[in-house]
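Just so you know, the protein sequences line up as chains A and R, in that order.
Counted from 1, the first sequence has number 57 at position 57 by the numbering used here; the numbering is strictly sequential.
Convert by adding 1000 to the 1-based position in the second sequence; the result is the number in the numbering used here.
Single-structure report; data block below.
There are 2 protein chains.
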Amino acid sequence: MCSSCEHVHYVNPLNVVGTVPFWQDQVLLCRRNIEPRKGMWTLPAGFMELGETVAEGAARETVEEAGAHIEMSDLFTLINVVQVGQVHFFYLARLLDLELAPGPETIEAQLFREEEIPWDELAFRTVRLTLEHYFADRRGGRFGFHCADLR
Amino acid sequence: MCSSCEHVHYVNPLNVVGTVPFWQDQVLLCRRNIEPRKGMWTLPAGFMELGETVAEGAARETVEEAGAHIEMSDLFTLINVVQVGQVHFFYLARLLDLELAPGPETIEAQLFREEEIPWDELAFRTVRLTLEHYFADRRGGRFGFHCADLR
């Protein structure tokens, strides 16, 4: 319903698109400078926009939030977050260098090894799940494509 | 912009979710009883709704449009249709029987072998692309996950 005029608009699920930017045995996380979960750590991600593909949106968010230079790779996770009407997509993305330039939505961007990940300070469940799959697949020597549903 | 009050609403891409319902060497298509592309053939699909996962939406559309009894399988294609702001998802779905009950949006539902597919009467490019991948993978003996962008 329009908050101005109370006209009813049909609302559909939204896509949230992001990446797992990796460098050797490390993954890039961003500390959020905006609500919700300000101060918590996240993979770079945001709402998909008109005029772009899922992968292009994921790359755009990675540049906007971390200023990272990346080479996009395969789709890695697709996670339905049913209660909030969102579908989250994370792509693997190889960091081409370590020059970062965090944008205004990010307090700091930092690389973490698996044992350094701030598991208790992650902003979203989809970020935790994606990181768990990433390090499990890395140990297994092969990266798959993982689907999951959160309610 | 709200058509009633001209309040600006942010518009994001929409997800269209459907299935490739298969039975032995045949695939189920539905002839559309609604615009756009009324009278053309399509895989069962429609807009994802709030409160469901991508796969649940695909299964719902298959029941609504064909009345088919299916067992959902893996995500098969993810196709960005950039110009119209849509992302199309098709899941493989095994038909459990041949009892069909097309809904009001469908003129008729019918099974087709590869050589019988009405290629020139398909409603959407994403349906054509998904069917091409389906029969190619079937010949190859292994079903993959295919991503594509249409502009």
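All residues carry an ideal CB built from backbone N, CA and C; glycine is no exception.
Any C-beta of chain A under 9 Å from that of residue i
i, result
"R/Cys1030", "no"
"R/Gly1085", "yes"
"R/Phe1145", "yes"
"R/Phe1047", "yes"
"R/Leu1078", "yes"
Test: residue i CB closer than 9 Å to a CB of chain R
i, result
"A/Phe22", "no"
"A/Leu50", "yes"
"A/Val11", "yes"
"A/Ala58", "no"
Own chain residues within Cβ distance below 6 Å of residue i, not counting five before or after
i, result
"R/Glu1114", "Phe1135"
"A/Cys30", "Thr42, Pro44, Glu65, Ala66, Thr106, Ala109"
"R/Glu1132", "none"
"R/Asp1149", "Asn1080"
"A/Asn33", "Glu105, Thr106, Ile107"
"R/Glu1121", "Met1040, Trp1041"
For residue i, the nearest candidate out of the options (CA to CA)
i, options, result
"A/Ala123", "A/Val16, A/Gly67, A/Trp41, A/Cys5", "A/Trp41"
"A/Ala48", "A/Leu29, A/Gly140, A/Ala59", "As written in the sequence, residue 48 of chain A is Met, which differs from the Ala given in the question. Comparing Cα-Cα distances from A/Met48 to each of A/Leu29, A/Gly140, A/Ala59, the minimum goes to A/Ala59."
"A/Gln83", "R/Val1016, R/Glu1052, R/Val1020", "R/Glu1052"
"R/His970", "R/Ala1101, R/Gln1024, R/Leu1014, R/Asn1033", "There is simply no residue 970 of chain R to check, as chain R begins at 1001 and stops at 1151 in what is shown."
"R/Glu1178", "R/Leu1028, R/Asp1097, R/Pro1013, R/Ser1004", "A question about residue 1178 of chain R goes unanswered here, because the residues of chain R that appear run from 1001 up to 1151."
"A/Glu35", "A/Pro104, A/Ala148, A/Asp120", "A/Pro104"
"R/Thr1077", "R/Arg1128, R/Arg1151, R/Ser1004", "R/Arg1128"
"R/Leu1096", "R/Trp1023, R/Ser1004, R/Phe1089, R/Cys1005", "R/Trp1023"
"A/Cys147", "R/Arg1125, R/Glu1121, R/Tyr1091", "R/Tyr1091"
Cβ shell of residue i (< 7 Å), same chain only, five flanking positions each side left out
i, result
"R/Gly1144", "Asp1137"
"A/Pro118", "Trp41"
"R/Gln1026", "Leu1111, Phe1112, Arg1113"
"R/Gly1057", "Val1017, Met1048, Glu1049"
"A/Leu14", "Phe47, Gly85, Gln86"
"R/Arg1151", "Val1082, Gln1083"
"A/Arg125", "Leu150"
"R/Gly1141", "none"
Rounded distance between the beta-carbons of residue j and residue i, thought under 8 Å
i, j, result
"R/Val1020", "R/Ala1093", "7 Å"
"A/Gly39", "A/Glu61", "At roughly 19 Å, the Cβ-Cβ gap does not stay under 8 Å, so A/Gly39 and A/Glu61 are not in contact."
"A/Val87", "R/Asn1080", "That pair is no contact at about 14 Å."
"A/Leu75", "A/Phe89", "6 Å"
"A/Ser4", "R/Cys1005", "5 Å"
Chain-ordered neighbours of residue i on chain A, where CB pairs are closer than 8 Å
i, result
"R/Val1082", "Gly51, Glu52, Thr53"
Amino acids of chain R, ordered along the chain, whose beta-carbon sits closer than 8 Å to that of residue i
i, result
"A/Asn15", "Asn1012, Pro1013, Asn1015, Val1087"
Under 7 Å from the C-beta of residue i: neighbouring residues of chain A
i, result
"R/Asp1137", "Under the 7 Å cutoff, chain A gives no residues; its nearest Cβ is about 15 Å from R/Asp1137."
Heavy atom of the ligand SAH within 8 Å of residue i beta-carbon
i, result
"R/Leu1095", "In the structure on display, the ligand SAH does not appear, and there are no ligands present to speak of."
Chain R residues whose Cβ lies nearer than 9 Å to that of residue i
i, result
"A/Leu75", "Leu1078, Phe1145, Cys1147"
Minimum Cβ-Cβ distance from residue i to chain B less than 9 Å
i, result
"A/Glu65", "In the displayed structure, chain B is absent; the protein chains listed are A and R."
8 Å CB neighbourhood of residue i in its chain, flanking five on each side removed
i, result
"R/Arg1037", "Ala1123, Phe1124"
"A/Val11", "Gly85"
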